[in-house]
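Right, one structure below, let's go through it.
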Amino acid sequence: MTRFANQTVLVTGGTGGQGSSHVRAFHAEGANVVIGGIDAERGAALADELGPRARFVRLDVRDESSWSAAVHTAESAFGSLNVLVNNAGVQNPPATIENTDQATWSRILDVNVSGAFLGVKVTTPALRRATGGAIVNVGSIMAMGGTAHYAPYVASKWAMRGLTRTAALELGRDNIRVNTIHPGVIATPFIHEPAAGATAAISDFYSPAPFAVPRLGEPIDVTRLLLFLTSTAASFITGSEYVIDGGLQLGPALQAETA
Ligand SMILES: NC(=O)c1ccc[n+]([C@@H]2O[C@H](COP(=O)([O-])OP(=O)(O)OC[C@H]3O[C@@H](n4cnc5c(N)ncnc54)[C@H](O)[C@@H]3O)[C@@H](O)[C@H]2O)c1
Numbered sequence: 009m010t011r012f013a014n015q016t017v018l019v020t021g022g023t024g025g026q027g028s029s030h031v032r033a034f035h036a037e038g039a040n041v042v043i044g045g046i047d048a049e050r051g052a053a054l055a056d057e058l059g060p061r062a063r064f065v066r067l068d069v070r071d072e073s074s075w076s077a078a079v080h081t082a083e084s085a086f087g088s089l090n091v092l093v094n095n096a097g098v099q100n101p102p103a104t105i106e107n108t109d110q111a112t113w114s115r116i117l118d119v120n121v122s123g124a125f126l127g128v129k130v131t132t133p134a135l136r137r138a139t140g141g142a143i144v145n146v147g148s149i150m151a152m153g154g155t156a157h158y159a160p161y162v163a164s165k166w167a168m169r170g171l172t173r174t175a176a177l178e179l180g181r182d183n184i185r186v187n188t189i190h191p192g193v194i195a196t197p198f199i200h201e202p203a204a205g206a207t208a209a210i211s212d213f214y215s216p217a218p219f220a221v222p223r224l225g226e227p228i229d230v231t232r233l234l235l236f237l238t239s240t241a242a243s244f245i246t247g248s249e250y251v252i253d254g255g256l257q258l259g260p261a262l263q264a265e266t267a
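This is how it looks when you write it as structure tokens:
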């Protein structure tokens, strides 16, 4: 399929995890892809593998000038920027609020919130020049409630909800749609490797067994929703939020024998 032929898509954190799944799928659908990331080796390897319709740009989402460089790459290499996926994100090492230092709090909010804010801000003129487009912010199931020991991460993902709604209001008349995806627990390094400063990974203590769909999410699950939301099939959808969690937020499923 070529749903994204002649379109250019920028994915932050595009070098691995969910990001590289998104990059590969957009590319397979005909898009030009700009892989934004901080892992230059993996980013360059992915761009090489995908060929002429792919570029890697070193993009630390906290740095406005690297956002400008990414937009410049998209427009100079491919003529326009049509889609932004604010996918990059970091989690805090688990700790209660009283045991969380301010540096950790600021680091998580810097990447997750300020990074997404800068993405919307810096790409808006380019999306307008392209006569419209779509932005998707990647939140989290943790933005549906509270999660003990994850205050910086939870607060950052709640903040993205407000960013999405405000941006959707500001940009709708420019034909730019802005939505949020809230993944549940997805099998990436994010859950299989300890967060910076942590000793255990989420997968050490989390099991999907009790939930309605008793498996971990795969990056492709999220990718499929993302492709829909950024395609013309979703042209009436903006300011919306999509939980994709296999029923995790519903709580444990009743076993047939105990129902
Ligand atoms: N995996 C899950 O269970 C899960 C659940 C809910 C939400 N999410 C969110 O999904 C998104 C993707 O996460 P993932 O599962 O692929 O995890 P991941 O850890 O594999 O990927 C995160 C990516 O963000 C990049 N990144 C970190 N700091 C950055 C910075 N300053 N600038 C640019 N890039 C930076 C990393 O290099 C990495 O490529 C994140 O926003 C995460 O919060 C993940």
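Residue numbers (this note's numbering): 9 to 267. All residues carry an ideal CB built from backbone N, CA and C; glycine is no exception. None of the values given here were measured: they were computed from a predicted structure.
(message) Quick check on the DSSP output: the alpha helix (DSSP H) that includes PHE86 runs from which residue to which?
(response) For the purposes of this step, residue 86 is taken as residue 78 along the sequence shown, with counting starting at 1. Per DSSP, PHE86 belongs to the alpha helix (DSSP H) from 72 to 86.
(request) Grab me the residues of ASN40's own chain with a C-beta within less than 6 angstroms of its C-beta, minus the 5 sequence neighbours each way, in chain order. (result) Residue mapping note: residue 40 aligns to position 32 of the sequence shown, counting from 1. The answer, listed in chain order, is THR16, ARG61 and PHE86.
(request) With a 10 Å radius around its C-beta and 16 neighbouring C-beta atoms as the bar for buried, classify ASN14 as buried or exposed. (result) Residue 14 sits at position 6 when you count from the first residue of the sequence shown. That one is exposed.
(message) I need the DSSP call for TYR250, collapsed to helix, strand or coil.
(response) Looking up residue 250 in the sequence shown gives position 242. TYR250 falls in the strand class under three-state DSSP.
(request) Compute every distance between the C-beta of ALA96 and the non-hydrogen atoms of ligand 1, then say whether any falls below 7 angstroms. (result) Residue 96 sits at position 88 when you count from the first residue of the sequence shown. At least one heavy atom of ligand 1 is nearer than 7 angstroms to the Cβ of ALA96, so yes.
(request) Answer yes or no: the CB of GLY27 versus the heavy atoms of ligand 1, is any distance below 7 angstroms? (result) Taking the first residue of the sequence shown as position 1, residue 27 is located at position 19. Indeed, a heavy atom of ligand 1 lies less than 7 angstroms from the Cβ.
(request) Using only the heavy atoms of ligand 1, determine whether one of them is closer than 7 angstroms to the beta carbon of ILE143. (result) As a first step, residue 143 must be located in the sequence shown, where it is residue number 135. No, since every heavy atom of ligand 1 falls outside the 7 angstroms radius drawn around the Cβ of ILE143.
(message) Considering only heavy atoms of ligand 1, does any lie closer than 7 angstroms to the CB of PRO197?
(response) To locate residue 197, count along the sequence shown from 1; it is residue 189. PRO197: yes, Cβ under 7 angstroms from ligand 1.
(request) Measure the C-alpha to C-alpha separation of ALA176 and SER114 and round it to an integer number of angstroms. (result) As a first step, residue 176 must be located in the sequence shown, where it is residue number 168. As a first step, residue 114 must be located in the sequence shown, where it is residue number 106. Taking the straight line joining both Cα atoms gives about 26 angstroms.
(request) Run the CB neighbour count on ILE43, radius 10 Å, all protein chains shown included, and call it buried at 16 or more, exposed below. (result) Within the sequence shown, residue 43 is the residue found at index 35, counting from 1. Buried: at least 16 other Cβ atoms inside 10 Å.
(request) Quickly, what does DSSP pair ARG63 with across the bridge? List them, please. (result) Residue mapping note: residue 63 aligns to position 55 of the sequence shown, counting from 1. BP columns for ARG63 point to VAL42.
(message) Rounded to the nearest angstrom, what separates ALA203 and THR139 at their Cα positions?
(response) The residue given as residue 203 occupies position 195 in the sequence shown. The residue given as residue 139 occupies position 131 in the sequence shown. For ALA203 and THR139, the distance between alpha carbons rounds to 39 angstroms.
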